[in-house]
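Below is one structure, written out as structure tokens; the observations come after it.
Residue numbers (the numbering used here): 57 to 635.
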């Protein structure tokens, strides 16, 4: 084997802005259009989720367990498609086309969903599922409904992973001495718009659905999505539009494929650079010994065939660089700690049961105003935002002042605190639901799930607040951990890991509900997740989640110990995970 060759790999370097004619491309003038597009999409999409379980039960005569599973699958698709969208944008279409097509798909999906409220033939005849036997929806009716869900999920996959990066493309000027401050300002405004959008969705859109019905309540999101698409395309001449480049995901697949193809190759002499393919100007010229079998992906077998004249690999599916191999190793290393956040994401994805609980409780704040059942999720968002501000601006400065030095809670400790808090949140959820159910039975409402018990729905607020603070600790901590531990070239992967966790959590949450429903309904018994909330045992369901959460906490301790000390100093990351 000859001395190792070097390639100037472009897949992990930022693609410089294309030179555009004139100076009118990009800049702050594009920000209102990009932020408005993302904000309207979130208001429209998030506003459909809270009351959807009620729509499925009342209009499609779907049971609680089946309806919950439908929504879990929908949310899983919505959280998984952004990963595919990021891959398509990076590798094929570019961000502008991906956002544009995503906006159109979301608009079509929301229009279809609105049509289900306007066309009587699109759903079964009206019927009270609690009082009589109702006709089930036909295959065509369910296909129309599911088509709307699929289109909305595809649309989210186009808009959400690209919106922030596309905005940064318009402002990123490396020759500007104030470039970092400009980007920081944009990120701040962008995440503020995300928080405001979610709050508007959980309050305004849900309120409209409760008071004006689903025809108006689903029509407004469709109109907002139309505005979102029009606003985005209106500024098309102003945008900087970068071309697609090679994706990191492709590089990972190449490493796995090449390592398998070269599985019979012998390793070069230990600690020698000869025989390994590495990138020009790289500090890494010898792969690490961890996951050593992957090192075979960067072994030069035949220099004349494997290396091109310019020093690059003749065929990237036959030879990879050390950098590609080490990036995949870094990803594999953080996966165990990533998996510990899935149980918390399952707890956070419990949209349907709290809505059903709130709808059976006293939601009045005054004699004339009551909080919509689907709006209690706003306490999760509010508590998360308030805790982040309080922690960053009050608690840490105060402790630092008392100690006389800068104090910072480690990332892994914060993640552990969040996982503990979500355990407590599930315990509180179980206790509150047990009290609500006992109150309903005491009042004689066991066979009347639509009755309102004499118990304030504000008792649901503590569990939302605990989950919001838990998310502030663990979700933000995880995102910061990924950014600090993975190479800079993998920042997009770091952002995608949390979203992938949400998608996996939605699928597992659906499995948990299905298993509990099958086991507890055997022998003709009432299922713990039956359609009659007063006969079901949501409290036992919450206890199952609490037990799983405590087991997961010990699993986290094991993973954190096995991982060892963090390899890089953590970087402060602005993020609003899961939104």
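From the three backbone atoms N, C-alpha and C, an ideal C-beta is built for every residue, glycine too.
Distance, residue j Cα to residue i Cα
{"i": "residue 212", "j": "residue 434", "result": "21 Å"}
{"i": "residue 511", "j": "residue 418", "result": "6 Å"}
{"i": "residue 290", "j": "residue 280", "result": "15 Å"}
{"i": "residue 349", "j": "residue 316", "result": "9 Å"}
{"i": "residue 484", "j": "residue 163", "result": "39 Å"}
{"i": "residue 181", "j": "residue 505", "result": "21 Å"}
{"i": "residue 588", "j": "residue 513", "result": "18 Å"}
{"i": "residue 531", "j": "residue 405", "result": "13 Å"}
{"i": "residue 288", "j": "residue 85", "result": "12 Å"}
{"i": "residue 309", "j": "residue 456", "result": "46 Å"}
{"i": "residue 492", "j": "residue 469", "result": "35 Å"}
{"i": "residue 77", "j": "residue 297", "result": "Its pLDDT being 41, under 50, residue 77 is placed unreliably in this model, and the coordinates cannot settle the point."}
{"i": "residue 369", "j": "residue 137", "result": "32 Å"}
{"i": "residue 401", "j": "residue 392", "result": "15 Å"}
With 16 other Cβ atoms within 10 Å as the buried cut-off, status of residue i
{"i": "residue 423", "result": "exposed"}
{"i": "residue 179", "result": "buried"}
{"i": "residue 520", "result": "buried"}
{"i": "residue 451", "result": "exposed"}
{"i": "residue 97", "result": "buried"}
{"i": "residue 166", "result": "buried"}
{"i": "residue 364", "result": "exposed"}
{"i": "residue 553", "result": "buried"}
{"i": "residue 123", "result": "buried"}
{"i": "residue 79", "result": "Legend: pLDDT at residue 79 = 49, less than 50; position of this residue unreliable, value from coordinates given subsequently. Flag for residue 79 reads exposed."}
{"i": "residue 264", "result": "buried"}
{"i": "residue 225", "result": "buried"}
{"i": "residue 150", "result": "buried"}
Where the alpha helix (DSSP H) through residue i begins and ends
{"i": "residue 98", "result": "87–104"}
{"i": "residue 298", "result": "Here residue 298 belongs to no alpha helix (DSSP H), and DSSP marks it neither H nor E."}
{"i": "residue 114", "result": "108–116"}
{"i": "residue 394", "result": "378–395"}
{"i": "residue 456", "result": "452–459"}
{"i": "residue 125", "result": "120–144"}
{"i": "residue 439", "result": "434–446"}
{"i": "residue 220", "result": "195–227"}
{"i": "residue 170", "result": "151–174"}
{"i": "residue 306", "result": "304–317"}
CB contact flag (residue i, residue j, <8 Å)
{"i": "residue 206", "j": "residue 133", "result": "yes"}
{"i": "residue 159", "j": "residue 353", "result": "no"}
{"i": "residue 436", "j": "residue 497", "result": "no"}
{"i": "residue 396", "j": "residue 611", "result": "yes"}
{"i": "residue 210", "j": "residue 556", "result": "no"}
{"i": "residue 109", "j": "residue 411", "result": "yes"}
{"i": "residue 201", "j": "residue 172", "result": "yes"}
{"i": "residue 183", "j": "residue 117", "result": "yes"}
{"i": "residue 386", "j": "residue 543", "result": "yes"}
{"i": "residue 384", "j": "residue 357", "result": "no"}
{"i": "residue 145", "j": "residue 88", "result": "no"}
{"i": "residue 390", "j": "residue 351", "result": "no"}
{"i": "residue 570", "j": "residue 107", "result": "no"}
{"i": "residue 687", "j": "residue 157", "result": "Not covered by the structure: residue 687. The range shown for the chain is 57 to 635."}
{"i": "residue 572", "j": "residue 584", "result": "yes"}
{"i": "residue 254", "j": "residue 102", "result": "yes"}
{"i": "residue 482", "j": "residue 558", "result": "no"}
{"i": "residue 442", "j": "residue 477", "result": "no"}
{"i": "residue 227", "j": "residue 119", "result": "no"}
{"i": "residue 170", "j": "residue 275", "result": "yes"}
Collapsed DSSP secondary structure at residue i in the structure displayed
{"i": "residue 285", "result": "helix"}
{"i": "residue 534", "result": "helix"}
{"i": "residue 465", "result": "coil"}
{"i": "residue 486", "result": "helix"}
{"i": "residue 369", "result": "strand"}
{"i": "residue 592", "result": "coil"}
{"i": "residue 418", "result": "strand"}
{"i": "residue 508", "result": "coil"}
{"i": "residue 363", "result": "strand"}
{"i": "residue 402", "result": "helix"}
{"i": "residue 519", "result": "helix"}
{"i": "residue 473", "result": "helix"}
{"i": "residue 426", "result": "strand"}
{"i": "residue 256", "result": "helix"}
{"i": "residue 355", "result": "strand"}
{"i": "residue 81", "result": "coil"}
{"i": "residue 611", "result": "helix"}
{"i": "residue 408", "result": "helix"}
{"i": "residue 578", "result": "helix"}
{"i": "residue 617", "result": "helix"}
{"i": "residue 291", "result": "coil"}
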